[in-house]
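Structure first, then comments.
There are 2 protein chains.
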Amino acid sequence: MISQSNIEKTDSILSAALRLFVKYGFHGTPTSRIATEAGVSNGTLFHYFKTKDELIVALYIRVKEQLNAYLAEHQDEKDDVRVRFRNIFVHSINWSLKNREEFYFIQQFHFSPMLALVPADEFERQSKIHVGLMQEAVKQKILKPLPIELIATLVSSQIYGLHQYLVGSDLSVGKQQKMIEAALELTLEMILK
Amino acid sequence: MISQSNIEKTDSILSAALRLFVKYGFHGTPTSRIATEAGVSNGTLFHYFKTKDELIVALYIRVKEQLNAYLAEHQDEKDDVRVRFRNIFVHSINWSLKNREEFYFIQQFHFSPMLALVPADEFERQSKIHVGLMQEAVKQKILKPLPIELIATLVSSQIYGLHQYLVGSDLSVGKQQKMIEAALELTLEMILK
DNA sequence: GTCTATATCTCGATAGAC
DNA sequence: GTCTATCGAGATATAGAC
Numbered sequence: 629m630i631s632q633s634n635i636e637k638t639d640s641i642l643s644a645a646l647r648l649f650v651k652y653g654f655h656g657t658p659t660s661r662i663a664t665e666a667g668v669s670n671g672t673l674f675h676y677f678k679t680k681d682e683l684i685v686a687l688y689i690r691v692k693e694q695l696n697a698y699l700a701e702h703q704d705e706k707d708d709v710r711v712r713f714r715n716i717f718v719h720s721i722n723w724s725l726k727n728r729e730e731f732y733f734i735q736q737f738h739f740s741p742m743l744a745l746v747p748a749d750e751f752e753r754q755s756k757i758h759v760g761l762m763q764e765a766v767k768q769k770i771l772k773p774l775p776i777e778l779i780a781t782l783v784s785s786q787i788y789g790l791h792q793y794l795v796g797s798d799l800s801v802g803k804q805q806k807m808i809e810a811a812l813e814l815t816l817e818m819i820l821k
Numbered sequence: 629m630i631s632q633s634n635i636e637k638t639d640s641i642l643s644a645a646l647r648l649f650v651k652y653g654f655h656g657t658p659t660s661r662i663a664t665e666a667g668v669s670n671g672t673l674f675h676y677f678k679t680k681d682e683l684i685v686a687l688y689i690r691v692k693e694q695l696n697a698y699l700a701e702h703q704d705e706k707d708d709v710r711v712r713f714r715n716i717f718v719h720s721i722n723w724s725l726k727n728r729e730e731f732y733f734i735q736q737f738h739f740s741p742m743l744a745l746v747p748a749d750e751f752e753r754q755s756k757i758h759v760g761l762m763q764e765a766v767k768q769k770i771l772k773p774l775p776i777e778l779i780a781t782l783v784s785s786q787i788y789g790l791h792q793y794l795v796g797s798d799l800s801v802g803k804q805q806k807m808i809e810a811a812l813e814l815t816l817e818m819i820l821k
């Protein structure tokens, strides 16, 4: 039995799709090509995903779940808020560097009409880790007096920006860690009283 | 003579394309629809743009030129570097709010395979204003000791993040200006010694 | 569940009259 | 330069045998 299980099949379809979408865009990637590279037939692909759009959205949800699972692993609610903040920041960047295609795909998806196809409650589910931390920080009154949505958005942007810089410049692992620490300090100074 | 001149025609083609791309994506927008909404025939569209890709890239270059022209208007090299920095930041945000489709399109384009089709020297042309300011800031040694590429990227990210927040929340013009000022201060603190 | 074969459609791009 | 008409390619999605 070399043949794949069902889960493995949807997995290899989504993995192939991810690789191709990042390289050629949603448009430039025919479902037939996804099927071929996943090692299944065209008909099988449409057995697991009713439409191409459904496949794209499912991929987005899966990628976000992977990111959130990674962050949850490195998050302990018993830690000090500053430590928890640091962990989210640093591990978000680490994940983004270890999973560049996935991270690119998230942004590609965000700036596409596909975003409107995601069920509303999915976004809530995804942001639990961040919301929890923000609420705790508000409770402890350690944030500057600004809307928390603004603070959250600016922190996200810092992560995107830092990621972009690190991918563009080709630093050694050591220098990279120094830069991450430096950017983290800037970010903390920016949002903390 | 109600008929349009050539320039007006490429203009209305690009304007229609912008509106449609933002709404339906590059994929979801047929050239036929662009032509119809621009008030020209399909054949005419392909007279002015050899391919659809060429049209998309031309639109990107035009939009970036509009942004840069706007920033150049509000930039005076005789001003103090901090003032110039402030002007770029504030007017970038102002432009992004007055030209939301254009600003969205820039980001949509950046996260698409189309980015690779832009001639390399085009990016240099586009970044002259920012590079000039950064060089002056380096010369005057007012920046924190970090790679200037990192600083530039983080500042851009702040602008994207602030834009996203302002578009999402529905503030009065007055509150909006307060937020812009606040974010500018955070950004300055972040990068200046 | 998986495959092959194919229906159906739409799109980008061209040809050629005016 | 602009239009109408259309070609040919390639896309999504389905049908039906196994």
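Order-wise, the sequence lines are chains A and B. Per my numbering, numbering through the first sequence is continuous, rising by one, with the last residue being 821. Per my numbering, numbering through the second sequence is continuous, rising by one, with the last residue being 821. Ideal Cβ placement from N, Cα and C applies to all residues, glycine included.
Of the other Cβ atoms in all chains shown, fewer than 16 fall within 10 Å of the Cβ of Leu743(A); this residue is therefore exposed. Between the alpha carbons of Gln786(A) and Leu774(B) lies a distance of about 15 angstroms. In the three-state DSSP reduction, Leu683(B) falls in the helix class (H, G or I). One Cα belongs to Asp639(B), the other to Lys678(B), and the distance between them is close to 16 angstroms. The C-beta separation of Glu777(B) from Tyr793(A) comes to about 6 angstroms, placing the pair in contact by the 8 angstroms criterion.
Here Arg712(B) has Gln703, Asp704, Glu705, Leu761 and Glu764 as same chain residues with Cβ atoms under 8 angstroms from its own Cβ, once five neighbours each way along the sequence are excluded. Within the same chain, and ignoring the five residues on either side of Asn670(A) in sequence, the residues whose Cβ sits closer than 6 angstroms to its Cβ are Ser660 and Ala663. Straight through space, the alpha carbons of Ala686(B) and Val746(B) are spaced by roughly 9 angstroms.
Secondary structure in the stretch 744-811 of chain A: the alpha helix (DSSP H) runs of 4 residues or longer, each lying completely within the stretch, are 748-754, 756-767 and 776-796 in chain order.
Using a Cβ distance threshold of 8 angstroms, Tyr688(A) and Phe737(A) count as a contacting pair. Apart from the 5 residues on each side of it in sequence, Ala666(B) sits with its Cβ closer than 6 angstroms to the Cβ of Ser640, Ile641 and Ala644 in its chain, given in chain order.
Membership of Glu705(B) in any alpha helix (DSSP H) is not indicated, and neither H nor E is assigned to it by DSSP. Taking 8 angstroms as the Cβ-Cβ cut-off, the stretch 647-667 of chain A approaches chain B at Lys651, Tyr652, Gly653, Phe654, His655 and Gly656, given in chain order. Judged by DSSP secondary structure, Asn670(A) falls within the alpha helix (DSSP H) whose first and last residues are Asn670 to Tyr676.
Apart from the 5 residues on each side of it in sequence, Asn715(B) sits with its Cβ closer than 7 angstroms to the Cβ of His702 and Gln703 in its chain, given in chain order. When C-beta distances to chain A are compared with 8 angstroms, the residues of the stretch 788-803 of chain B below that value are Tyr788, Gly789, Leu790, Gln792, Tyr793, Gly796 and Ser797, in chain order. Taking C-alpha positions only, Glu729(A) is separated from Val691(A) by approximately 10 angstroms. Between Ala811(A) and Leu790(A), the C-beta gap is smaller than 8 angstroms, which places the two residues in contact. Inter-residue distance for Gly656(A) and Ile734(B) is about 19 angstroms (C-alpha atoms, whole angstroms). Not one beta carbon of chain A lies nearer than 8 angstroms to the beta carbon of Phe674(B). Within chain A, not a single residue places a beta-carbon under 7 angstroms from that of Phe717(B); the smallest gap is close to 13 angstroms. Contacts between Leu782(A) and chain B, judged by CB atoms closer than 8 angstroms, involve Gln786, Gly789, Leu790, Tyr793, Ala811 and Leu814 in chain order. In terms of Cα proximity to His758(A), the closest of Ser740(A), Gln768(A) and Ser784(A) is Ser784(A). At a C-beta separation below 8 angstroms, Glu693(A) has no neighbours in chain B, since its nearest C-beta there lies roughly 21 angstroms away. Judged by their CB atoms, Gly653(B) and Pro658(A) are not nearer to each other than the 8 angstroms cut-off.
Residues of chain A with a Cβ closer than 7 angstroms to the Cβ of Leu778(B) are, in chain order, Tyr793 and Met807. For Phe713(B), the closest Cβ of chain A is not nearer than 8 angstroms. By the rule that beta-carbons nearer than 8 angstroms mark a contact, Ser755(B) does not touch chain A. Residues Gln754 and Ile757 of the same chain have their beta carbon placed closer than 7 angstroms to that of Asn696(A), with the five preceding and five following residues left out of the count.
Rounded to whole angstroms, the separation of the alpha carbons of Phe739(B) and Thr672(B) is 29 angstroms. Less than 8 angstroms divides the Cβ of Gln768(A) from the Cβ of Val709(A). At a cut-off of 8 angstroms between C-beta atoms, Leu774(B) counts as an interface residue with respect to chain A. Neighbours of Phe731(A) across chain B, judged by C-beta separation under 7 angstroms, do not exist; the nearest C-beta is about 11 angstroms away. What Ser720(B) touches in chain A, judged by beta-carbon distance under 8 angstroms, is nothing: the nearest beta carbon there is about 14 angstroms away. The beta carbon of Phe677(A) does not come within 8 angstroms of any beta carbon belonging to chain B, so the residue lies off that interface. From the beta-carbon of Pro741(B), the residues of chain A found nearer than 8 angstroms are Lys651, Tyr652, Gly653 and Gly656.
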